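Here the numbering used here is used: the first residue of the sequence shown is 4, the next is one more, and so on. Ideal placement from N, C-alpha and C gives every residue a C-beta, glycine not left out. Given the structure is predicted, the values throughout are model-derived calculations rather than measurements. What follows is a short report on a single structure.
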Amino acid sequence: MKKLRQKLGLSQDDFARKADVPYTTLTKVETGVIKKPSVFVVSKIAKALSVDIEELIK
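As structure tokens, then:
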């Protein structure tokens, strides 16, 4: 996820806003603190990255 975000040139803060996910949640998912984020969060992140959910969870 981090590589995809960086490829889009987005900071964590900008990406959190784009994905409509709290900044703290996004950073915890990126760093692995949250190992199994909810399907709701993953779907928002995937939509913001313009990728399928499957691409994020592989």
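- For ASP17, the enclosing alpha helix (DSSP H) starts and ends at 15 to 22.
- The beta carbon of LEU13 sits closer than 8 Å to those of LYS21, all from its chain and outside the five residues before and after it, given in chain order.
- Of the candidates LYS61, THR28, LYS6 and GLN9, THR28 places its Cα closest to the Cα of LYS47.
- Between ALA51 and ASP23, the gap from beta carbon to beta carbon is short of 9 Å.
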